[in-house]
Amino acid sequence: MTGDKQTIVLAGGCFWCTEAVFKEVRGVLDVESGYSNGQETAPTYEQVCTGHTGCAEVVKLEYDPAQVSTRQLLEILFATHDPTTLNRQGHDVGTQYRSGIYFSTPAQKAVADELIDEMGRDKLFGAPIVTEVEPLANYFAAEDYHQDFFERNPHQGYCMAVAAPKVAKFRKTFRDLAKA
């Protein structure tokens with residue numbers, strides 16, 4: 000955390016989709032695709048895809064809490080992926096596609112735990128939430144060609160079929176949090 004900025008790392012399946020959504024959020028100052036919370040040091044995409052590194056595909060968000068709260072960021076995460084499927088998002092299967100919140104402050108952990116408890120009590124998803132909430136560990140930026148992937152490749156098949164609907168859902172559901 001530097002000054003008024005905070006950092007949190009989120010996993011919601013393929014980082015191309017998660018990055019595409021959070022680049023749209025007011026108050027999010029920077030979004031970087033990467034890998035975290037595994038055993039491998041400086042893994043490559045090919046290594047992470049094997050499922051043997053323990054790393055999740057993630058996005059590291061730097062945000063201004065005066066413009067968007069941690070809770071709002073987490074509400075967006077939960078609305079744009081399925082937090083009830085262990086190690087899977089749609090056709091993407093493996094530990095690298097798990098649902099996760101990797102916090103950098105105790106306050107972020109408290110917000111995540113409280114929100115997950117509320118959603119569980121309300122049976123919001125009709126199944127137990129399997130999102131892991133862990134301290135951020137072993138974060139590494141993904142290769143350059145993964146950064147801004149949706150923005151640079153909007154007509155790529157996966158982007159059109161998976162990322163674009165998530166961005167559209169964000170824009171419809173969280174209109175008040177979208178960048179102008």
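First residue of the sequence shown: 0, per numbering that gives the first Met the number 0; consecutive thereafter.
Glycine included, each C-beta is placed from N, C-alpha and C at the ideal position.
For Gln95, the closest C-alpha among the options Phe173, Val67 and Thr43 is that of Thr43. Membership of Gln46 in the alpha helix (DSSP H) is indicated by the continuous run Tyr44 to Cys48. Gly119 sits in a helix when the DSSP states are folded into three classes. Partner residues in the beta bridge of Thr6, as assigned by DSSP, are Glu61. Going by DSSP, Leu28 is part of the beta strand (DSSP E) stretching over Val27 to Ser35. CA-CA distance, Phe77 to Gly11, rounds to 8 angstroms. DSSP places Phe173 in the coil class of the three-state scheme, outside both helix and strand. Under the 8 angstroms Cβ criterion, the stretch 105–113 does not count as touching the stretch 149–167, having fewer than three qualifying pairs. Looking at the DSSP output, Ile100 shares a beta bridge with Leu9 and Val132. Within 10 angstroms of the beta-carbon of Lys59 lie 16 or more other beta-carbons, which makes it buried. Taken in chain order, the complete alpha helix (DSSP H) segments of 4 or more residues contained in the stretch 137–169 are 148–151.
If you look at Gln71, you'll find it in the alpha helix (DSSP H) that goes Thr69 to Ala78. Note on geometry: alpha-carbon atoms of Lys178 and Phe14 lie some 20 angstroms from one another. Here the C-alpha atom of Gln155 lies approximately 22 angstroms from the C-alpha atom of Lys171. Inclusion of Val8 and Val57 in the CB contact set at 8 angstroms is warranted, their separation being smaller than that value. The way I'd put it, the stretch 114–133 doesn't touch the stretch 21–28; fewer than three beta-carbon pairs between them come closer than 8 angstroms. Considering only Glu142, Gln146 and Arg174, the residue with the shortest C-alpha distance to Ala41 is Glu142.
Residue pairing from DSSP places Glu56 in a beta bridge opposite Tyr34. The closest CA to that of Ile100, considering only Lys4, Thr17 and Asp3, is found on Thr17.
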